[in-house]
Amino acid sequence: MAVFLHDVLQSRHAILRNYPVVGHLRYLIERLGPELRQYIVASDTEERPFDRVQRSWVYQVSKGQNSYQGFGTAAPIETTPDYLVIRHSPTPLSAAHPEAHDGTHPPLTPAAKTLGGPRGRDHAVRPPSLIAISAMSFGSLSSAAIKALNAGAAEAGAWHNTGEGGIAPHHLQGGDLIWQLGTGYFGARDADGRFSMARLVEQCEAAPVRAIEVKLSQGAKPGLGGVLPAAKVTPEIAAIRGVPLGVDVISPPSHREFHDPDSMLDFVEAIADATGLPVGIKTAVGQTAWFEELADLMAAGDRGVDFIAIDGGEGGTGAAPVVFADHVSVPFLTGFPRIYRIFAERGIEDDVFWIGAGKLGFPDRALLGLGLGLDMVYVAREAMLSLGCIQAQECHTGHCPVGIATQDPRKVRGLVPSDKSVRVAGYLRSLDAEIVRLAHACGVAHPSLINTEHFELLDGHHDSTIATQAFRYDPAWLERRTSRMRDRVGIGNLA
Ligand SMILES: Cc1cc2nc3c(=O)[nH]c(=O)nc-3n(C[C@H](O)[C@H](O)[C@H](O)COP(=O)(O)O)c2cc1C
Numbered sequence: 042m043a044v045f046l047h048d049v050l051q052s053r054h055a056i057l058r059n060y061p062v063v064g065h066l067r068y069l070i071e072r073l074g075p076e077l078r079q080y081i082v083a084s085d086t087e088e089r090p091f092d093r094v095q096r097s098w099v100y101q102v103s104k105g106q107n108s109y110q111g112f113g114t115a116a117p118i119e120t121t122p123d124y125l126v127i128r129h130s131p132t133p134l135s136a137a138h139p140e141a142h143d144g145t146h147p148p149l150t151p152a153a154k155t156l157g158g159p160r161g162r163d164h165a166v167r168p169p170s171l172i173a174i175s176a177m178s179f180g181s182l183s184s185a186a187i188k189a190l191n192a193g194a195a196e197a198g199a200w201h202n203t204g205e206g207g208i209a210p211h212h213l214q215g216g217d218l219i220w221q222l223g224t225g226y227f228g229a230r231d232a233d234g235r236f237s238m239a240r241l242v243e244q245c246e247a248a249p250v251r252a253i254e255v256k257l258s259q260g261a262k263p264g265l266g267g268v269l270p271a272a273k274v275t276p277e278i279a280a281i282r283g284v285p286l287g288v289d290v291i292s293p294p295s296h297r298e299f300h301d302p303d304s305m306l307d308f309v310e311a312i313a314d315a316t317g318l319p320v321g322i323k324t325a326v327g328q329t330a331w332f333e334e335l336a337d338l339m340a341a342g343d344r345g346v347d348f349i350a351i352d353g354g355e356g357g358t359g360a361a362p363v364v365f366a367d368h369v370s371v372p373f374l375t376g377f378p379r380i381y382r383i384f385a386e387r388g389i390e391d392d393v394f395w396i397g398a399g400k401l402g403f404p405d406r407a408l409l410g411l412g413l414g415l416d417m418v419y420v421a422r423e424a425m426l427s428l429g430c431i432q433a434q435e436c437h438t439g440h441c442p443v444g445i446a447t448q449d450p451r452k453v454r455g456l457v458p459s460d461k462s463v464r465v466a467g468y469l470r471s472l473d474a475e476i477v478r479l480a481h482a483c484g485v486a487h488p489s490l491i492n493t494e495h496f497e498l499l500d501g502h503h504d505s506t507i508a509t510q511a512f513r514y515d516p517a518w519l520e521r522r523t524s525r526m527r528d529r530v531g532i533g534n535l536a
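The numbers in our numbering rise by one with no breaks, and the one at position 423 of the sequence shown is 464.
Below is the structure:
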């Protein structure tokens with residue numbers, strides 16, 4: 042009885058609040074997991090989408106636990122094709138911020154580029170961190186999860202993307218927002234469901250919106266719209282999304298406000314004029330002629346998107362048909378360089394603020410993304426892991442056992458936002474610190490000075506390819522990016 046009461050009343054562990062007493066088994070099994078799996082089930086790197094090594098790292102750093110490893114790497118670095126190696130400098134830099142032991146935290150590393158700067162937007166801003174929480178709507182995530190993510194982002198000093206479900210009161214815990222506009226224009230639609238600029242402006246004035254993201258597609262389900270069944274449309278969700286109660290809520294596959302890059306640029310410029318905010322797009326990568334047309338229009342004219350967020354086909358979702366998740370759109374490491382090259386070939390890559398998503402919430406992959414040209418990294422499921430997600434993969438059923446991807450009040454009760462926000466902040470800070478530490482090991486003071494020369498990919502047969510060659514980047518692009526970034530971060534060193 043005492044254990045039951047303790048479990049139900051404590052606030053640190055959602056599993057124990059929702060499954061008192063028996064929930065302890067999960068911790069026991071987790072502790073014995075490495076041994077059990079090593080002999081019986083799977084290896085540390087077999088689980089998907091995130092393996093045990095990745096998940097443990099997020100859990101440990103979120104809780105402020107020791108994430109070091111003893112005895113050396115367990116990764117098969119000599120035999121794995123495309124194994125990523127970061128090329129350190131013989132003369133690494135010392136830490137700018139020695140670790141604080143007084144409970145204070147240095148601010149996160151700001152992005153090097155100003156978002157909206159090249160197009161002179163009224164509210165152009167240099168984002169305060171290289172990492173932001175990626176789009177996940179209230180509706181797909183619980184109110185408690187959204188609160189914890191936003192409060193954690195605020196505590197660490199990072200931005201939080203609303204997802205396409207509109208701005209909920211749960212998003213207003215102090216964290217600055219990127220407001221995502223999907224094809225349903227939720228929160229910015231009139232009574233007929235059409236986009237309403239007046240509603241958009243009104244909402245932007247009422248919330249700390251720093252940028253607007255027009256969502257074209259998402260890596261896990263590109264080319265698909267969405268349906269929120271009437272049964273799931275609570276009065277709260279109906280009010281936030283600006284939709285009627287009692288009917289299915291449809292997000293069509295395409296935007297009604299534009300149909301090609303030309304008309305999209307008009308839409309983007311109209312939003313930027315009305316709000317003064319930087320406006321960008323989020324998209325997965327399939328056919329590329331569309332992006333070539335966009336780049337041609339931007340190179341030739343005076344309209345443009347302020348940022349492009351590229352999502353990988355390996356990205357997450359609340360729910361998607363398996364074939365779309367598995368086979369539609371290319372992974373981030375294929376898609377992002379492809380689009381970046383289109384802009385770099387036209388000499389306009391610096392006019393765009395680049396964001397990426399697709400399992401980038403780990404120091405090695407985040408650094409590679411930055412080296413490929415990203416200005417900011419989005420993290421979605423990794424942020425869920427920091428909230429206590431156990432990768433049950435029940436997001437589409439509403440039965441998420443830890444209260445994150447569910448609207449079931451009994452499950453949501455388990456997640457205590459004030460407790461979990463600290464973990465989100467801990468995760469964001471640790472990811473930032475590791476990225477900076479890697480940059481210093483490479484001999485550069487800011488992660489935006491990292492480029493493709495800082496990586497090689499092993500071939501599993503004792504040879505390797507430098508990333509510049511593997512991703513077909515022109516060395517001239519690296520030089521011009523590095524010199525611009527050096528000017529921006531005010532630092533003269535380069536490995
Ligand atoms: C539960 C869930 C809900 C999501 N909702 C949205 C959404 O509303 N809009 C969107 O553009 N992407 C959405 N995504 C995709 C993420 O924002 C992100 O692009 C993708 O998961 C890749 O990042 P990750 O590998 O760090 O998870 C969602 C992902 C998850 C897991």
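By construction, the Cβ of each residue, glycine as well, lies at the ideal position given by its N, Cα and C atoms.
Which term fits residue i, buried or exposed, when burial requires 16 or more other beta carbons within 10 angstroms of its beta carbon?
{"i": "Phe112", "result": "exposed"}
{"i": "Phe45", "result": "exposed"}
{"i": "Gly531", "result": "exposed"}
{"i": "Lys400", "result": "buried"}
{"i": "Leu409", "result": "buried"}
{"i": "Ala199", "result": "buried"}
{"i": "Val485", "result": "buried"}
{"i": "Ile70", "result": "exposed"}
{"i": "Gly144", "result": "exposed"}
{"i": "Gln328", "result": "exposed"}
{"i": "Gln95", "result": "buried"}
{"i": "Glu390", "result": "buried"}
Is residue i near ligand 1, going by C-beta to nearest heavy atom under 7 Å?
{"i": "Gln110", "result": "no"}
{"i": "Met177", "result": "yes"}
{"i": "Tyr12", "result": "Nothing can be reported for residue 12: it is not among the residues displayed for the chain, which extend from 42 to 536."}
{"i": "Arg282", "result": "no"}
{"i": "Cys436", "result": "yes"}
{"i": "Thr375", "result": "no"}
{"i": "Arg513", "result": "no"}
{"i": "Asp367", "result": "no"}
{"i": "Asp352", "result": "yes"}
{"i": "Thr36", "result": "Residue 36 lies beyond the stretch modelled for the chain, which goes from 42 to 536, so this question has no answer here."}
{"i": "Glu475", "result": "no"}
{"i": "Gly439", "result": "no"}
{"i": "Ala194", "result": "no"}
{"i": "Leu182", "result": "yes"}
Once you ignore the five residues that flank residue i on each side, which residues in its own chain have a CB closer than 7 Å to its CB?
{"i": "Arg162", "result": "Ala313, Gly317, Leu318, Pro319, Asp347"}
{"i": "Leu286", "result": "Val274, Pro276, Ala279"}
{"i": "Val99", "result": "Glu423, Leu426, Ser427, Tyr468"}
{"i": "Arg230", "result": "Phe236, Ser237, Arg240, Gly283"}
{"i": "Gly223", "result": "Glu205, Lys256, Ser292"}
{"i": "Gln244", "result": "Ile208, Gly228, Ala229"}
{"i": "Arg177", "result": "Reading off the sequence, residue 177 comes out as Met, not Arg. Gly204, Ala421, listed in sequence order."}
{"i": "Pro122", "result": "Asp500, Gly501"}
{"i": "Gly439", "result": "Thr447, Gln448, Asp449"}
{"i": "Ala407", "result": "Leu401, Val418, Leu472, Ile476"}
{"i": "Cys441", "result": "Ala433, Glu435, Thr447, Lys452"}
Whose C-beta lies closer than 8 Å to the C-beta of residue i among residues of the same chain, with five residues either side of it excluded?
{"i": "Phe308", "result": "Val255, His296, Glu298, Phe299"}
{"i": "Leu149", "result": "Pro169, Ser170, Leu171, Ile172, Ala197, Gly198, Ala199, Leu469, Arg470, Asp473"}
{"i": "Lys104", "result": "Arg464, Gly467"}
Considering residue i, what are the terminal residues of the alpha helix (DSSP H) in which it resides?
{"i": "Ser163", "result": "Note that residue 163 corresponds to Asp in the displayed sequence, not to Ser. No alpha helix (DSSP H) holds Asp163; DSSP gives it neither H nor E."}
{"i": "Ser524", "result": "516-530"}
{"i": "Leu50", "result": "43-50"}
{"i": "Ser489", "result": "Taken as a continuous stretch (DSSP letters only), Ser489 belongs to no alpha helix (DSSP H), as it is neither H nor E."}
{"i": "Val309", "result": "302-316"}
Return the first residue and the last residue of the beta strand (DSSP E) that residue i is part of.
{"i": "Asn202", "result": "200-202"}
{"i": "Ile507", "result": "505-507"}
{"i": "Ile396", "result": "394-398"}
{"i": "Glu277", "result": "That residue, Glu277, is in no beta strand (DSSP E); its alpha helix (DSSP H) goes 276-282."}
{"i": "Val268", "result": "267-269"}
{"i": "Thr324", "result": "320-325"}
{"i": "Arg251", "result": "250-256"}
{"i": "Glu497", "result": "496-499"}
Sorted by chain position, which residues of the same chain lie with C-beta nearer than 6 Å to residue i's C-beta, five sequence neighbours on each side aside?
{"i": "Gln101", "result": "Ser108"}
{"i": "Asp217", "result": "Trp200, Pro249, Arg251"}
{"i": "Asp416", "result": "Ala152, Lys154, Phe394, Trp395"}
{"i": "Arg53", "result": "Asp460"}
In chain order, each beta strand (DSSP E) run of at least 3 residues that lies wholly inside the segment 80-132: List check, beta strand (DSSP E) in window: 124-127.
Alpha helix (DSSP H) runs contained entirely in the segment 441-477, provided each spans 4 or more residues: Secondary structure in the segment 441-477: the alpha helix (DSSP H) runs of 4 residues or longer, each lying completely within the stretch, are 450-453 in chain order.
Inside the segment 143-198 only - beta strand (DSSP E) runs reaching at least 3 residues: Fully enclosed beta strand (DSSP E) runs of 3 or longer: 172-174.
Segments of 4+ residues assigned as alpha helix (DSSP H) that fall wholly inside the segment 406-435: Within the segment 406-435, the complete alpha helix (DSSP H) runs of at least 4 residues are 422-428.
Ranges of the beta strand (DSSP E) found wholly within the segment 332-404, counting only runs of at least 3: Runs found: 348-352, 394-398.
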